[in-house]
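Here the structure is laid out as structure tokens; the discussion comes afterwards.
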Amino acid sequence: MGSQEEVSAASLLREYLRDLASRGERKDGRAMDEMRPIEIRSGLFTKGEGEAWLSLGDTQVLVGVKVDVGTPFPDTPNKGVLMTNTELLPIASPTFEPGPPNEDAVEMARLVDRAFRGSNAIDFEELVIKEGQLVYLVMVDMYALDHDGNLVDALELASLLALKRTNVPKVVVREDGGVTPSGDFFPLPVRETPISFSFAKIAGRLMLDPSLEEEVAADALMTMVVDSQGRVCSFQKRTGAFAPEEIKRALSIAREKWPQVAERLGLLEG
Amino acid sequence: MSLLVKNREIVLPGQLLAKGNLKPGENVYVDGRGFLRSSKVGLVDLSRGEVRVIPLRGVYMPKVEDIVVGVVSRVAGNTVLLDINSPYTGVLLLPRSREGRRSGRRRTFSVGDVVLAKVRAFDGASNPLLTVEGEGLGKLSGGTIIKVNPAKVPRIIGKRRSMINLLRDKIGRDIVVGRNGFVWVKVRDLQSSLLLERALRLIERESHVPGLSDRVTDLLEGGIAAELPNSDYREV
Amino acid sequence: MKMPIYLQEPPEILITPEGVRTDGRGPHDLRPIKMTVGVLNRADGSAYVEWGGNRILAAVYGPREVHPKHLTLPDRALVRCRYNMAPFSTEERKRPGPDRRSIELSKVIREALLPAIFVDKYPGTVIDIFVEIIRSDAGTRCAGTTAASLALADAGIAMRGLVTALAVGRVGDWIVMDPNHDEDMYGDVDVPVAFLMEDKEITLLQLDGPLTEDEFNEALDLAMKGADLVYEMQKEALRRPYLVVERSVAGRES
Numbered sequence: 000m001g002s003q004e005e006v007s008a009a010s011l012l013r014e015y016l017r018d019l020a021s022r023g024e025r026k027d028g029r030a031m032d033e034m035r036p037i038e039i040r041s042g043l044f045t046k047g048e049g050e051a052w053l054s055l056g057d058t059q060v061l062v063g064v065k066v067d068v069g070t071p072f073p074d075t076p077n078k079g080v081l082m083t084n085t086e087l088l089p090i091a092s093p094t095f096e097p098g099p100p101n102e103d104a105v106e107m108a109r110l111v112d113r114a115f116r117g118s119n120a121i122d123f124e125e126l127v128i129k130e131g132q133l134v135y136l137v138m139v140d141m142y143a144l145d146h147d148g149n150l151v152d153a154l155e156l157a158s159l160l161a162l163k164r165t166n167v168p169k170v171v172v173r174e175d176g177g178v179t180p181s182g183d184f185f186p187l188p189v190r191e192t193p194i195s196f197s198f199a200k201i202a203g204r205l206m207l208d209p210s211l212e213e214e215v216a217a218d219a220l221m222t223m224v225v226d227s228q229g230r231v232c233s234f235q236k237r238t239g240a241f242a243p244e245e246i247k248r249a250l251s252i253a254r255e256k257w258p259q260v261a262e263r264l265g266l267l268e269g
Numbered sequence: 000m001s002l003l004v005k006n007r008e009i010v011l012p013g014q015l016l017a018k019g020n021l022k023p024g025e026n027v028y029v030d031g032r033g034f035l036r037s038s039k040v041g042l043v044d045l046s047r048g049e050v051r052v053i054p055l056r057g058v059y060m061p062k063v064e065d066i067v068v069g070v071v072s073r074v075a076g077n078t079v080l081l082d083i084n085s086p087y088t089g090v091l092l093l094p095r096s097r098e099g100r101r102s103g104r105r106r107t108f109s110v111g112d113v114v115l116a117k118v119r120a121f122d123g124a125s126n127p128l129l130t131v132e133g134e135g136l137g138k139l140s141g142g143t144i145i146k147v148n149p150a151k152v153p154r155i156i157g158k159r160r161s162m163i164n165l166l167r168d169k170i171g172r173d174i175v176v177g178r179n180g181f182v183w184v185k186v187r188d189l190q191s192s193l194l195l196e197r198a199l200r201l202i203e204r205e206s207h208v209p210g211l212s213d214r215v216t217d218l219l220e221g222g223i224a225a226e227l228p229n230s231d232y233r234e235v
Numbered sequence: 000m001k002m003p004i005y006l007q008e009p010p011e012i013l014i015t016p017e018g019v020r021t022d023g024r025g026p027h028d029l030r031p032i033k034m035t036v037g038v039l040n041r042a043d044g045s046a047y048v049e050w051g052g053n054r055i056l057a058a059v060y061g062p063r064e065v066h067p068k069h070l071t072l073p074d075r076a077l078v079r080c081r082y083n084m085a086p087f088s089t090e091e092r093k094r095p096g097p098d099r100r101s102i103e104l105s106k107v108i109r110e111a112l113l114p115a116i117f118v119d120k121y122p123g124t125v126i127d128i129f130v131e132i133i134r135s136d137a138g139t140r141c142a143g144t145t146a147a148s149l150a151l152a153d154a155g156i157a158m159r160g161l162v163t164a165l166a167v168g169r170v171g172d173w174i175v176m177d178p179n180h181d182e183d184m185y186g187d188v189d190v191p192v193a194f195l196m197e198d199k200e201i202t203l204l205q206l207d208g209p210l211t212e213d214e215f216n217e218a219l220d221l222a223m224k225g226a227d228l229v230y231e232m233q234k235e236a237l238r239r240p241y242l243v244v245e246r247s248v249a250g251r252e253s
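Protein chains in written order, with numbering that gives the first Met the number 0: chain A, 0 to 269; chain B, 0 to 235; chain C, 0 to 253.
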């Protein structure tokens, strides 16, 4: 399929979507605040200590969490380390090319990183083996498999699920300073459930979970992460401009949708 | 000699179709021993001593006389380039002469315009030449494009245009199917466009199963509220 | 700074005198294999293969326009291939990006598939093949080649026939089918082979380690037997989506 398709058909598409949006409609028939269906694939897919294969409509992502042992950062000797990486694989879209992460990939990886830090979701102090010397390194690798829009929410949700499923292999420190797995595991201490919500603005209307076509036609895009207490934990205006009222309204939609998504992921407690 | 497979059977690349003196048609090749084999996943079709395979998937390869829907991707002088959903870019040369301009329809094109055109020349070595001279050809204004599997376009049009006529009767006149898999549509409301998209997806998915037009009719009559048939195989 | 926490130790015995292997298989058995085509929406063709503990996604784009333009071949399609291992595909996290091994395997897989593709049907275009190893467990290049061949067929690209690949090997005195992880690490010889199944031509053959002429011939014969079995699964996988739709239509109408 022509790789310029996303560009050349864009002006026609933009006009059509604007026209629909002005009447409160979306091309796929969804309500403005309606997410596409979330499916979680079961099976064993990686060699990660935690993993999740998730689809959001026709968008599909795979996240694997690897746990290693290493030295802490000098300024946080009593804390474990979280690292995030996004690969926008060329299998996911005709417009993605092989190579090191580009700015979109890095933005998504950092956005997910901030989702977990901003919500204090992970108890990093429990990830210390020997203070100042040995800690657990938690590496979240996010793979985009199929890009039909809103990769960032799909990646964040899959990362959340993968981290909640992660079992850390307990290690014992040998006399030579090296480590040996003890054969025991403990669940990664994930204490919060930060959930990401992205919005597109088309013709002054906000729409939740934009499809690829909506992203292409959008005047502006933003992503926010909300925790179980309804607090906003991270925020990224990605493109364009929003009025303050629009951002406030989006936040209230995200807060309202949080329980629904948490439940769908099987993460609603109590 | 006759076919080694059933007519209308689904065959795969490399599959032996016939030995002997049947003629190899589209998507059929002759192997080193003179046997006919399929080069694609598709349905076998034998008629008048010729075996061909009707493909079930694949990109659009331009053929002279094809009517295509294109989207203008670049305009440079009197050369207009069109995205025709193909590995090749469509090239439209606008008449330079006074005559051409006087001939009634003055044409100006800008990026993003949707154009109904005919393939005038294509040799594989350079990009296909298109023309908008002809009945009904030219710019299509407004509306939107739905992309379909180009291999299924003959089924979307149907025998003697029966399927496209059915879709137009039930949904709206402004539906134009390009041989290249771009379907241009301009309808009154979202419900109609959703219904059309459903019908197109049904044709794409089920065209290899007999009784297609009955099922499309049922869908169109059931309307958008009708239960979407579940035949999704994209399960890991 | 990080340090490995998974130290691997070789099993005491790779194969018993009776020919029982570390995963319980006999010397001539394949591992369990599962294949599905059309798993990705955006790609023109795709396939997902589970082969033992391997998990592989293959996707094909094209024929499409060539970028950068100067790579264009005027009389045929350019075929590119990228074999890539996910960071989470191995015990020890793998650094993303190509290394010497993955660059070589990309070439080997492309050369295994190229004889099967009618490249002259698509002059001036490119066919891009991507093989993503999301979980690796010995034999990824062969499982990847098998998956990529399915993705090409799923994309509707004109082909002489399917390509089927698998490895055979030598463990002590045994010639074994489809070496597992232990045998791959500690066995004696690994022989990945691919066949263009239409006329059983060999399009991939690599070997490391000594084999006598008799052993070599036995290994090739065994690979051919294995390929026949894998080929049946490939054909079933390509037909399945259409049969599923047929059955569901019949179910709806009855």
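Note that the Cβ used here is the ideal one computed from N, Cα and C, for glycine as well.
Asked, Found
"Closer than 9 Å, Cβ to Cβ, to anything on chain A: give me those residues from the region 21–55 of chain C, in chain order.", "38, 39, 40, 41, 42, 43, 45, 49, 52 and 54"
"Can you tell me where the beta strand (DSSP E) holding residue 124 of chain C begins and where it ends?", "124–134"
"Are the Cβ atoms of residue 216 of chain C and residue 142 of chain C separated by less than 8 Å?", "no"
"At a Cβ threshold of 8 Å, is residue 166 of chain A touching chain C?", "no"
"Is the beta carbon of residue 159 of chain C less than 8 Å from the beta carbon of residue 194 of chain C?", "no"
"Are the C-beta of residue 246 of chain B and some C-beta of chain A separated by less than 8 Å?", "Absent from the structure is residue 246 of chain B, since the part of chain B shown begins at 0 and ends at 235."
"Using a Cβ-Cβ cutoff of less than 7 Å, which residues in the same chain neighbour residue 168 of chain C once the five nearest sequence positions on both sides are dropped?", "175, 178, 182, 186, 188, 189 and 190"
"Where does residue 21 of chain A fall in DSSP's three states?", "helix"
"Taking its Cβ as the centre, do 16 or more other Cβ atoms sit within 10 Å of residue 172 of chain B, making it buried, or is it exposed?", "exposed"
"So if I threshold CB-CB distances at 7 Å, which residues from the region 88–116 of chain C count as touching chain A?", "88, 89, 90, 92, 95 and 96"
"DSSP state of residue 4 of chain C, grouped into three classes?", "coil"
"Less than 8 Å separating the beta-carbons of residue 54 of chain B and residue 44 of chain C?", "no"
"Roughly how many angstroms separate the alpha carbons of residue 178 of chain B and residue 50 of chain C, rounded to a whole number?", "39 Å"
"If the cut is a Cβ gap below 8 Å, which residues of chain B does residue 63 of chain A touch?", "The contacting residues do not exist; residue 63 of chain A stays about 16 Å from chain B at best."
"With H, G and I counted as helix, E and B as strand and the rest as coil, what does DSSP make of residue 33 of chain A?", "coil"
"Using the Cα positions of residue 94 of chain C and residue 213 of chain A, report the straight-line distance between them to the nearest angstrom.", "34 Å"
"When you compare the CB positions of residue 61 of chain B and residue 39 of chain B, do they come within less than 8 Å of one another, or not?", "no"
"Which residues in the same chain have their Cβ closer than 8 Å to the Cβ of residue 64 of chain C, if we skip the five residues on either side of it in sequence?", "124 and 125"
"Is residue 47 of chain C helix, strand or coil when you go by DSSP?", "strand"
"Could you tell me which chain E residues have their CB closer than 7 Å to the CB of residue 193 of chain B, listed as they occur along the chain?", "Given the protein chain composition of this structure (A, B and C), no chain E is represented."
"In three-state DSSP terms, what is residue 64 of chain C?", "strand"
"Using 10 angstroms around the beta-carbon of residue 121 of chain A, count the other beta-carbons present and answer buried if the total reaches 16, otherwise exposed.", "buried"
"If you draw a straight line from the C-alpha of residue 190 of chain A to the C-alpha of residue 162 of chain A, how long is it?", "11 Å"
"Taking C-beta to C-beta, are residue 68 of chain B and residue 112 of chain B nearer than 8 Å?", "no"
"Any chance the region 141–151 of chain B sits against the region 180–194 of chain B, with 3 or more Cβ pairs inside 8 Å?", "yes"
"So what does DSSP say about residue 220 of chain C, is it helix, strand or coil?", "helix"
"Please classify residue 208 of chain A: is it buried, with 16 or more other beta-carbons within 10 angstroms of its beta-carbon, or exposed?", "buried"
"Would the region 186–203 of chain A count as touching the region 164–177 of chain A if we require 3 or more Cβ pairs under 8 Å?", "yes"
"Using 8 Å as the limit for Cβ to Cβ distance, is residue 23 of chain B near chain C?", "no"
"Are there 16 or more other CB atoms within 10 angstroms of the CB of residue 3 of chain A, so buried, or fewer, so exposed?", "Unreliable positioning characterises residue 3 of chain A in this predicted model, as indicated by a pLDDT of 39, which lies under 50. The coordinate reading is nonetheless provided below. Per the 10 Å Cβ criterion, buried."
"How would you call residue 163 of chain C, buried or exposed, if buried means at least 16 neighbouring beta carbons within 10 angstroms?", "buried"
"Given 8 Å as the limit, is there contact between the region 114–126 of chain B and the region 150–169 of chain B, that is, 3 or more CB pairs closer than that?", "no"
"Can you check whether the C-beta of residue 220 of chain B is within less than 8 Å of a C-beta belonging to chain C?", "no"
"How many Å lie between residue 218 of chain A and residue 227 of chain A at the Cα?", "30 Å"
"With distance defined between alpha-carbon atoms, name the residue in A:63, A:108 and A:86 nearest to residue 92 of chain C.", "A:63"
"Run through DSSP, which three-state label would residue 161 of chain B get?", "helix"
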